[in-house]
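One line per chain: the protein sequences are A and B, in this order.
Counting in the numbering used here, the first sequence runs from 1 upward without gaps.
Counting in the numbering used here, the second sequence runs from 677 upward without gaps.
Even for Gly, the Cβ is constructed at its ideal location relative to N, Cα and C.
To start, the structure itself, in structure tokens.
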Amino acid sequence: MNPKRQSMLTRPLVQQALKTSFVKLNPVTMMKNPVLFVVELGTFVVLLMTVFPGYFGTRNDMGFNGTVFVVLLFTLLFANFAEALAEGRGKAQAGALKKTKNEITAHQVAGSGIKAVSSTELRKGDVVVVAQGETIPGDGEVIEGLASVDESAITGESAPVIKEAGGDFSSVTGGTRVVSDRIVVRITTDPGESFIDRMISLVEGAKRQKTPNELALNTLLTSLTIIFLIVVVTLAPLAKFVGIELQVPVLIALLVCLIPTTIGGLLSAIGIAGMDRVTRFNVLAMSGKAVEAAGDINTMILDKTGTITYGNRMASAFIPVGAHDVQTLAAWAAIGSLRDETPEGRSVLELMKRDAIRYDDALAEGGTFVEFKAETRLSGIDLKDGRQVRKGAVDAVKKWVVAQGGSVPADLDAKGNAIATEGGTPLAVAVDGVVYGLIYLKDTVKPGMRERFEQLRKMGIKTIMCTGDNPLTAATIARQAGVDDFIAESKPEDKIAVIRREQAEGKLVAMTGDGTNDAPALAQADVGLAMNSGTAAAKEAANMVDLDSDPSKIIEVVSIGKQLLMTRGALTTFSVANDIAKYFAIIPAMFILAIPEMRALNVMHLGSPLSAILSALIFNAVIIPLLIPIAMKGVAYRPMGAAKLLSRNLLVYGLGGIVAPFVGIKLIDLVVHLWV
Amino acid sequence: MGVLQIVLVLAVLVLLVKPLGTYVYHVFSNEPNRTDRLFGPVERAVYRLIGLKRRDGMTWRRYALSFLLTNIVLVALSYLILRLQNLLPLNPNKIEGMEETLSFNTVVSFITNTNLQHYSGETGLSYFSQMAVIMMMMFTSAATGFSVAIAFVRGLTSRGRTIGNFFEDFVKAITRIFLPLATIVALVLVALGVPQTLDPTLTVTTIEGAAQHIAIGPVAALESIKHLGTNGGGFFGTNSSHPFENPTPLTNVIEIWSMWTLPASLPFVYGKFAKNQKQGWVVFGAMMTLFLAFLALIYASELRGNPALNALGMDASQGSMEGKETRFGIAQSVLFTAVTTAATTGSVNNMHDTLTPLGGLAPLAEMMLNCVFGGKGVGLVNMLMYAILGVFLAGLMVGRTPEFLGRKIEPREMKLIAIAILAHPFIILVPTAIALLTDAGRAGVTNPGFHGISQALYEMTSSAANNGSGFEGLADNTPFWNISTGIVMLLGRYVSMIAMLAVAGSLVRKTWVPETVGTFRTDNALFWGILIGTVLIIGALTFLPAVVLGPIAEHLTLR
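Set out below in structure tokens:
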């Protein structure tokens, strides 16, 4: 994770948010939030009554009206502050990103020559050359060459990654830097639409579109506001019928207490903070909708290799062929792997250690390491004494041995095939013309995957593993990893078929992918998480991109989506449940002077009518900043079944929402009553 | 003894729910069953008569349009009959044509299943009007409500685009449910002493030699559908407290069951449609819990009597018998009151105006919620609306987009539900405020102080909930009250019905989200609690300030 993007509550952030809180008082901005707009109108009316008491005949209530005005103003400011803080944090992240977006000079290929142009002038389809030490001027695809690229500006990962033309590692991101070699890049985005541009606008919240769920909730909050407006407006004539004149500020206080100001004030902060949490997690979501969809996922399709397992590359046994024994085979395998830094090579040495097989590593001293090459598909070492040690794919080794004038043992093919049938990968080991045997490379499930699938099952999410392996191997791995289902010998089009099948049953499907042939499936899935290392096509098709290219992260994205929805629901429930206590504070207070018997309803034994109204109003205001941390961080979430989750949240936010204001208003009243 | 009576009535009701619910389900599931042989020929004749050739499913728009047009035609016809009843046959008592605003109010009142009566049947209606307008509308309005509820349930529980055929539902509701049941109940009532005749008012000479006019008529027929269809409009002005409408405690209990069993069995029908009867029982459980709470409130309050009268040394052992019939006593009176306002029938066997303040609060609150069993169909629809709201609020807390019966609740549904939940307080509180602000409104309010507020609030609530019971005492046959309550009744009925049909139309088209352990369940005890909480917090708290100024203030100041 990028340390630059972990800035929580820094002083400038808070100062900026404070300032913005006032700017957001602008009624034009406020109008977008009906709940707060009603509060603002009320505040304005009370202000007028305080400033021009003569005009409204409120001369005697200046102190009370003034206080109501101040509390109402703070209610608005607190709500604005929550939103401003969330936005500010997003902007801080965007600021860090913007630094990578400085205008730079690009070397565009024009005809036969190269001309220097500004990076902002590059359009889709332009071709540029990026040499060592230069910054890539825009998102694109490598069409020529191979280079290592430092992507730390985006991913926070300092180790450079290899990018090469063709294949699944061809896409490059603008703002990243070429550390070695030189590549030719075809630009794939127009200015303002690049990856970084989108990321900036998303985290800034500038282009944040309300999700369907947010819209639905907003509708509910607005209608609650209108309902309470009706309740309060009609209360005055009812009271007048029995000779009670209700003061306008008191009615406004009742109105503001009843309408869902708490959730109304925090709603957008929750949304922005949710997006922020995703980004902080180094996942770029193309929309808030995608994040919420992640919370709704029923089925998750995961590639076996790379996501669930390390791939076929851990040595697990030595199988000698012909008349050779295990010891000799192992010794040669180890010597051939001594300088081999690939995971396969490492695992051979680890297996030696595990099985305590001894060999003479002095033999390798002064030898020349032979790197793996795609043409030969062999690696190994040329020893000082002239002997050549090679290991590699069975057919490659066979070819090499025959070329060396040796012969292939009769049982080599049979034993190699046996390994392949079991889902392993055979690696033959030969020295000069003699094949000693095979290294059994086995697929290994990544540690912790079993537990995560267990968690997913608790969340009600079905996992499907996709693999090119035969059904037997696939079943073994599926059992080991604990996935619910698997597709063996799967082709890219199988994935899309599975997604369609699941979606036809009404399920929402998530998948990860990186290759161009994953793109259609990524587009079909409800949540498609592409790897940043993947191709441009994959990233374009997906609605999320993982900057760390860790496919198992999809599981955390689901958690974040769920947490976002839960936070919204929990705070709404809390806010609505608060009304009960507020009624019991304000209603008796309104009528107690005219109907002394109303004190029977004053269950909290609040000090005086004025104190009761002010206490309820103050509670209504201060609860907003008190809940900002929950809105920002999200409610605590551990994977568990819906029933348990619901009971827990209902207890905390439902029952808590009923009880907390009784306690809070009483405490505030104890203080406020000292004055009124 | 009182509690025992209540428990017995409740026990029989609960036993009736399953068989009746199963029957209703078979009527509307539109799958062939044994009863087809009995009713099929009749219905086919009706279909031929009305030219219903194909009974294809309708989209919600067609369904809504069909039931609206049907109602409009019935309204026009009925209005003419009332205005011209003096020219029409079967008018042995020579009753004049009805005045315009009263005719408007009466027609609206009966087409909306409200049965608010600003007239007195024995002096205001001819026998023809009683039968051709009042009884006819009692069947058709009940059948309309029933059909809409069934269509709504179909929308929630099936997939496709259509929610049934209105005309088929409407006809079947009458032929298979209301006509047979009404016939049986009417015969039983006749056997128990309720008159059924077309003879004119009897004029008899009493022992003292004075001439007394005794109103009679086709009472039993009206009485049965009045309750079965949760209509509530009495043949006589004093409704079911009149000895000819409700002569004995046994007829009283029969009338209670008549109005209660169909609304009470609808949740079961819903469970059958949902293919998960627990869903139905949860809804039933929530309704019953709220009902028992209100029943307990009114029973305790009436039993305690009026403290002011008790203080004068009056015998308080019987409870507050003011405005009640001695043949029913407290238990049968309060049970009738609680049921008639829960099921929004609106018939009364005692005068609600004279209930103790908290006793009057119970029927008022039941009508404000309009989902504690509720009127023909509407109650179930409203309760399911609260269920969707509850799912939306609490469902988010399991970290998923809220789903109800496997369908996502999205902005469109929330907008429509918002219309419904907004309409109800609006059409109760705003007209009440207007009534209490204007001279025209205040002229009808016959009590000063808090009871005056209760009177006006009760009248508007009763109209909005399409209940129709009156806090008698309100001088309500004035243009102001006739027109205002007429409008409130129309809005109270059609706004939420159309909005909820639209919800059904929107849900029926959605793809179903399969159920997993991550799904919010709506068929367990927890949801029962959430449902009650939602009803109380969203539905009830809205009315708290008004209620505090009415019954609660009256109760607190009654010393």
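Residue i CB to nearest heavy atom of the ligand GDP below 7 Å
i, result
"LEU571 (chain A)", "Within the structure as shown, the ligand GDP is missing, as the structure has no ligands at all."
Inter-residue spacing [alpha-carbon to alpha-carbon] between residue i and residue j
i, j, result
"GLU921 (chain B)", "LEU1031 (chain B)", "21 Å"
"PHE662 (chain A)", "LYS582 (chain A)", "8 Å"
"SER575 (chain A)", "GLY657 (chain A)", "7 Å"
"CYS466 (chain A)", "GLY42 (chain A)", "59 Å"
"PRO3 (chain A)", "ALA510 (chain A)", "Any reading at PRO3 (chain A) must be qualified, since the residue scores a pLDDT of 39, below 50, and its modelled position is unreliable; the value itself is stated next. Those two C-alpha atoms are separated by around 28 Å."
"THR476 (chain A)", "SER316 (chain A)", "15 Å"
"GLY175 (chain A)", "GLY113 (chain A)", "24 Å"
"ARG5 (chain A)", "ILE1064 (chain B)", "Reliability of the predicted coordinates at ARG5 (chain A) is poor, the pLDDT of 42 falling under 50, and the value obtained from them is presented with this limitation in mind. Near 40 Å, if we compare the C-alpha coordinates of ILE1064 (chain B) and ARG5 (chain A)."
"GLY367 (chain A)", "PRO639 (chain A)", "54 Å"
"LEU565 (chain A)", "LYS666 (chain A)", "31 Å"
Proximity of residue i and residue j at Cβ, strictly below 8 Å
i, j, result
"ILE624 (chain A)", "THR262 (chain A)", "yes"
"GLN388 (chain A)", "VAL431 (chain A)", "yes"
"ILE586 (chain A)", "ILE560 (chain A)", "no"
"GLY1128 (chain B)", "GLU1135 (chain B)", "no"
"ASN781 (chain B)", "LYS1052 (chain B)", "no"
"TRP1241 (chain B)", "GLY961 (chain B)", "The structure shown does not extend to residue 1241 (chain B), since chain B is modelled only from 677 through 1235, so no value can be given for it."
"LYS1186 (chain B)", "LYS1091 (chain B)", "no"
Neighbour flag for residue i against chain B, beta carbons, 8 Å
i, result
"GLY133 (chain A)", "no"
"GLY34 (chain A)", "Per the sequence shown, residue 34 (chain A) should be read as Pro rather than Gly. No, no contact with chain B."
"GLN6 (chain A)", "Unreliable positioning characterises GLN6 (chain A) in this predicted model, as indicated by a pLDDT of 45, which lies under 50. A coordinate reading is not provided."
"ASP579 (chain A)", "yes"
"GLY460 (chain A)", "yes"
"VAL242 (chain A)", "yes"
DSSP state of residue i mapped onto helix, strand, coil
i, result
"ALA1119 (chain B)", "helix"
"TYR795 (chain B)", "coil"
"CYS1047 (chain B)", "coil"
"ILE860 (chain B)", "helix"
"ASN2 (chain A)", "With a pLDDT of only 41 at ASN2 (chain A), under 50, the local geometry of the prediction cannot be trusted, and no value is derived from it."
"ASP303 (chain A)", "strand"
"SER7 (chain A)", "At SER7 (chain A), the pLDDT of 46 sits below 50, so the modelled position is not reliable; the number obtained from the coordinates is stated separately. Coil."
"GLY57 (chain A)", "coil"
Interface flag, residue i vs chain A, CB-CB below 8 Å
i, result
"LEU745 (chain B)", "no"
"VAL1074 (chain B)", "yes"
"TRP957 (chain B)", "no"
"PRO894 (chain B)", "no"
"PHE1012 (chain B)", "no"
"VAL1057 (chain B)", "no"
"ALA1109 (chain B)", "yes"
Proximal residues of chain A, C-beta to C-beta of residue i below 8 Å
i, result
"PHE1196 (chain B)", "ALA642, LEU646"
"THR1233 (chain B)", "ILE595, GLU597"
Chain-ordered chain B contacts of residue i [CB-CB under 9 Å]
i, result
"LEU251 (chain A)", "The contacting residues do not exist; LEU251 (chain A) stays about 10 Å from chain B at best."
"GLU451 (chain A)", "Going along chain B, no residue has its Cβ under 9 Å from GLU451 (chain A), so there is no contact; the nearest lies around 17 Å."
"TYR637 (chain A)", "GLY1075"
Contacts that residue i makes with chain A (C-beta to C-beta distance below 7 Å)
i, result
"GLU1086 (chain B)", "PRO212, ALA216"
"THR1192 (chain B)", "ASN298, GLY460"
"TRP1188 (chain B)", "GLY506"
"ILE1129 (chain B)", "LEU238, PHE241, VAL242"
"PRO1221 (chain B)", "VAL231, LEU235, ILE587"
"LYS1091 (chain B)", "THR219"
Partners in chain A for residue i, counting only beta-carbon separations shorter than 9 Å
i, result
"LEU1034 (chain B)", "Going along chain A, no residue has its Cβ under 9 Å from LEU1034 (chain B), so there is no contact; the nearest lies around 12 Å."
Contacts that residue i makes with chain B (C-beta to C-beta distance below 8 Å)
i, result
"THR572 (chain A)", "LEU1069, LEU1072"
Residues that residue i contacts on chain B, provided the C-beta gap is smaller than 7 Å
i, result
"SER223 (chain A)", "ALA1094, ILE1097, LEU1098"
Where the segment 554-566 of chain A meets chain C: residues whose CB sits under 7 Å from a CB there: In summary, chain C is missing from the structure at hand, where the protein chains are A and B.
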